[in-house]
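Shown next, in structure tokens, is the structure this report addresses.
Numbering (my numbering), first residue to last: 1 to 326.
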């Protein structure tokens, strides 16, 4: 594990790893802001799904050539999953710390990296994740979710917090999270062939091994979605599947956390004077709960039903699914 004595300040090398799918101008903003961080980023490693679209987007554009630290690796849709793709990216990094981000999480300022890695450099944590702030056009529902999961105060979490925090003890998000590479290697890294939740499965391994996870509230990214209700349902189904596939990891209840979210969201609606939107919020949360429960029971569902409700159909193709269940 890194220590302050061994890796202090700018001596510590940091790479940023970003899975990319159908990039847009937001990816350019992310790269521009990463290149201006007060703690320098050594390499930005892009694992792109779908070479043709990527090359079309950057055609007649010298954006990537402006920087000498961007590495692009292309994969097919059949090769992508949340675990294996990030394992591939990590294998291409030589840095002391690597930061996983998504291609829609925009650094809020120049201090994102330095603040995010600080608990790792100081030896307080083996992993750290950033605060996610809603975008200016985000819906009230999505804003309430962000403020619930990513509050304004930082937290250091360990195995001792499992009884009190439950599933929140190993909540972590690869939307923007930093990892001590030496600890990552010692624990075996991200699981292969994950439909979802590779970050939380690894985080559980971290705290079970006696390390801590830091939530760093002053390391901030702008990241929010306004999904259709059906997409919330599909994502929740995949989340339930991931938990059912790793029962030894998710051996604590998460449903009480869902009830807390609903209560806090209602309170947020009251503060924002948006009570007329409450029925829609209840409807979406009901769909999410239904999707989650179906995902937890995926083993008894016919394959045609699974393919109709999953967000990640490729995960269930016969060839890929056979590999992932050996």
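We put the beta carbon where it would ideally sit given N, CA and C, even for glycine.
Span separating the alpha-carbon of residue 204 from that of residue 249: Per the coordinates, the alpha-carbon of residue 204 lies some 6 Å from the alpha-carbon of residue 249.
Distance between residue 216 and residue 7 (C-alpha atoms, nearest Å): Because residue 7 carries a pLDDT of 47, less than 50, the predicted location of this residue cannot be relied on, and the following value inherits that uncertainty. Cα to Cα, the separation comes out at about 19 Å.
Using C-beta distances below 6 Å, list every residue in its chain close to residue 95, excluding the 5 sequence neighbours before and after it, in chain order. Within the same chain, and ignoring the five residues on either side of residue 95 in sequence, the residues whose Cβ sits closer than 6 Å to its Cβ are 13, 14, 15, 42.
On the DSSP letters alone, give me the boundaries of the beta strand (DSSP E) that residue 132 sits inside. Residues 127-133.
To which residues does DSSP link residue 100 through a beta bridge? 17, 177, per the DSSP bridge assignment.
Just verifying my parser: in three-state terms, what is the DSSP assignment at residue 208? Residue 208: helix per DSSP, three-state reduction.
With respect to the beta strand (DSSP E) encompassing residue 228, which residues constitute its N-terminal and C-terminal limits? Here residue 228 belongs to no beta strand (DSSP E), and DSSP marks it neither H nor E.
Checking 8 Å against the spacing of the C-beta atoms, do residue 291 and residue 233 come in under that value? Taking 8 Å as the Cβ cut-off, residue 291 and residue 233 qualify as a contacting pair.
Own chain residues within Cβ distance below 6 Å of residue 212, not counting five before or after: So the qualifying residues of the chain are 125, 156, 158.
Less than 8 Å separating the beta-carbons of residue 97 and residue 69? Contact check for residue 97 against residue 69 fails: the beta carbons are separated by 8 Å or more.
Starting from residue 214 and walking both ways along the beta strand (DSSP E), at which residues does that stretch end? Residues 213-222.
Which value, in whole angstroms, describes the spacing of the CA atoms of residue 320 and residue 90? For residue 320, the predicted structure reports a pLDDT of 49, less than 50, and the residue's modelled location is therefore unreliable. The matter cannot be settled from this model.
Around the Cβ of residue 305, are there at least 16 other Cβ atoms within 10 angstroms (buried) or fewer (exposed)? A residue is called buried when at least 16 other Cβ atoms come within 10 angstroms of its Cβ; residue 305 does not meet this threshold and is exposed.
In terms of DSSP beta bridges, what is residue 156 paired with? Bridge partners of residue 156: 214.
Less than 8 Å between the beta carbons of residue 229 and residue 284, yes or no? Going by C-beta atoms, residue 229 is nearer than 8 Å to residue 284.
Would you check if there are 3 or more beta carbon pairs closer than 8 Å linking the region 169-184 to the region 125-142? By the criterion of at least three beta-carbon pairs nearer than 8 Å, the region 169-184 is in contact with the region 125-142.
Is the Cβ-Cβ distance between residue 348 and residue 225 less than 8 Å? Residue 348 is absent from the model: the chain starts at 1 and stops at 326.
Rounded to the nearest angstrom, how far is the Cβ of residue 134 from that of residue 142, given a contact under 8 Å? Their Cβ separation, rounded to whole angstroms, is 6 Å, which keeps residue 134 and residue 142 in contact under 8 Å.
Below 8 Å on the Cβ atoms is my contact criterion, and I expect residue 195 with residue 315 to pass it. Report the Cβ-Cβ distance as a whole number of Å. Residue 315 and residue 195 do touch by the CB rule: their CB atoms are close to 5 Å apart, below 8 Å.
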